[in-house]
Amino acid sequence: MSSFLSSSLLQMSPLLFSLLFSLMLSAIIADDAPPSPGYYPGSKVSSVSFDQAYRNLWGPQHQRVDQSGSLTIWLDSTSGSGFKSLRSYRSGYFGAAIKLQSGYTAGVNTNIYLSNNQDYPGDHDEVDIEFLGTTPDKQYVLQTNVFVRGSGDKNNAIGREMRFHLWFDPTQDFHNYAILWTPTQIIFLVDDVPVRNYQRKDDETFPERAMYVYGSIWDASPWATENGKYKADYKYQPFIGRYKDFKIKGCTNESSSSCKPLSPSPPGYNTLSPQQNDAMEWVQNNYLVYDYCRDPTRDHTLTPEC
Numbered sequence: 001m002s003s004f005l006s007s008s009l010l011q012m013s014p015l016l017f018s019l020l021f022s023l024m025l026s027a028i029i030a031d032d033a034p035p036s037p038g039y040y041p042g043s044k045v046s047s048v049s050f051d052q053a054y055r056n057l058w059g060p061q062h063q064r065v066d067q068s069g070s071l072t073i074w075l076d077s078t079s080g081s082g083f084k085s086l087r088s089y090r091s092g093y094f095g096a097a098i099k100l101q102s103g104y105t106a107g108v109n110t111n112i113y114l115s116n117n118q119d120y121p122g123d124h125d126e127v128d129i130e131f132l133g134t135t136p137d138k139q140y141v142l143q144t145n146v147f148v149r150g151s152g153d154k155n156n157a158i159g160r161e162m163r164f165h166l167w168f169d170p171t172q173d174f175h176n177y178a179i180l181w182t183p184t185q186i187i188f189l190v191d192d193v194p195v196r197n198y199q200r201k202d203d204e205t206f207p208e209r210a211m212y213v214y215g216s217i218w219d220a221s222p223w224a225t226e227n228g229k230y231k232a233d234y235k236y237q238p239f240i241g242r243y244k245d246f247k248i249k250g251c252t253n254e255s256s257s258s259c260k261p262l263s264p265s266p267p268g269y270n271t272l273s274p275q276q277n278d279a280m281e282w283v284q285n286n287y288l289v290y291d292y293c294r295d296p297t298r299d300h301t302l303t304p305e306c
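Following UniProt numbering, the numbering of the sequence shown begins with 1 at its first residue and continues without gaps.
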């Protein structure tokens with residue numbers, strides 16, 4: 001029976017195999033969910049349409065906004081596409097509901113992130129949420145990263161990557177992904193569950209300058225999928241990213257000094273509450289696949305926060 005099943009799987013078309021794997025993955029993780037964080041900062045931010053907060057940055061022919069204000073961007077062999085917020089921010093809550101493409105997406109990077117690379121070329125700050133494409137038999141990887149003062153601009157970039165699998169199939173429905181940036185910490189959130197808390201240890205390892213919010217889909221074949229083992233294959237094009245329910249609320253350079261960012265935690269806490277920490281610990285215990293601070297091949301003198 002097992003040999004027959006293996007033979008049958010090998011004879012399946014890539015599309016049918018992808019569908020079968022998605023169904024199996026959904027069944028496996030259907031009952032797996034993190035404990036409630038007890039506090040949902042995204043509920044404090046109203047959704048806006050794409051045009052209310054963003055504009056096309058590149059690849060306009062690969063970008064479409066529908067009547068509801070939702071956005072579709074896609075990558076093919078000619079181009080990807082990207083967008084940028086209308087304003088820059090020095091703190092705030094920035095996110096969107098995103099649905100990823102199923103099937104073969106190796107080499108494809110779909111993302112939402114903060115950056116000031118256009119204001120400080122060669123010396124920029126950046127905070128990333130990136131979805132690293134995959135092959136049909138494996139899960140997507142959610143990569144979070146922080147670059148500070150040009151550490152991502154050099155030949156030997158100093159990344160601060162933490163990567164996760166997800167406790168759901170991100171190709172089956174929209175889920176909310178957000179960055180909550182305050183003067184003391186950067187919280188990465190999935191459906192308002194904190195998955196990472198990057199804390200300010202000193203001025204050299206924490207971004208302070210205002211950043212815009214960006215998003216894009218592009219070919220990152222040299223590194224995105226298993227360190228470049230699998231490349232983008234354009235026989236599967238177009239590769240599509242769907243965004244809706246944009247949430248963007250923060251302090252801009254024009255805001256008064258009294259402007260305060262959205263609190264990442266309920267009243268009475270300066271950082272995540274115990275309940276939020278329990279939810280984050282559950283995610284990291286079960287779904288963390290890489291932590292730069294635990295990588296023995298890294299030079300940790302370059303990342304003193306570890």
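Ideal placement from N, C-alpha and C gives every residue a C-beta, glycine not left out.
Predicted, not measured: the structure shown is a model, and the values here were computed from it.
Check, Outcome
"Under 7 Å between C-beta atoms of residue 41 and residue 142", "no"
"Cβ contact (3+ pairs, closer than 8 Å) linking the stretch 147-165 and the stretch 54-69", "no"
"Ranges of the beta strand (DSSP E) found wholly within the stretch 234-290, counting only runs of at least 3", "239-252"
"Nearest-angstrom Cβ-Cβ length linking residue 164 and residue 283, presumed shorter than 8 Å", "7 Å"
"Option nearest residue 182 by Cα separation, candidates 190, 271, 72, 106", "271"
"Residue 239 to residue 201 span [Cα, whole Å]", "39 Å"
"Element boundaries [beta strand (DSSP E), containing residue 96]", "89-99"
"Length of the line joining the Cα atoms of residue 76 and residue 234", "7 Å"
"Assumed close pair residue 135, residue 230 - CB separation to whole angstroms, cut-off 8 Å", "6 Å"
"Three or more C-beta pairs below 8 Å linking the stretch 191-199 and the stretch 103-122", "no"
"Close Cβ partners of residue 39 (< 7 Å) along its chain, the five nearest in sequence each way excluded", "265, 266, 273, 276"
"Segment contact, 8 Å Cβ cut-off, at least three pairs: the stretch 83-97 with the stretch 199-217", "yes"
"Selection from 137, 176, 291, 153 that minimises the alpha carbon distance to residue 104", "137"
"Which of helix, strand or coil DSSP assigns to residue 302", "helix"
"Integer-rounded CB distance, given that residue 114 should sit under 8 Å from residue 241", "18 Å between Cβ atoms; not a contact."
"Distance CB(residue 217)-CB(residue 73) smaller than 7 Å", "yes"
"Residue closest to residue 305, alpha-carbon to alpha-carbon, out of 81, 199, 285", "199"
"Anticipated Cβ contact below 8 Å, residue 155 with residue 97, distance rounded", "With 8 Å as the limit, residue 155 and residue 97 do not qualify as a contact, their Cβ atoms being about 36 Å apart."
"Anticipated Cβ contact below 8 Å, residue 225 with residue 107, distance rounded", "6 Å"
"Residue span of the beta strand (DSSP E) that contains residue 178, given as start and end", "175-181"
"Alpha carbon of residue 34 to alpha carbon of residue 169, nearest angstrom", "14 Å"
"Contact set for residue 293: own chain, Cβ-Cβ below 6 Å, skip 5 residues either direction", "306"
"Entirely enclosed beta strand (DSSP E) segments - the stretch 150-227, minimum 3 residues", "162-164, 175-181, 185-190, 193-199, 212-219"
"Pick from 257, 255, 249 that is closest to residue 263, judged by C-alpha positions", "249"
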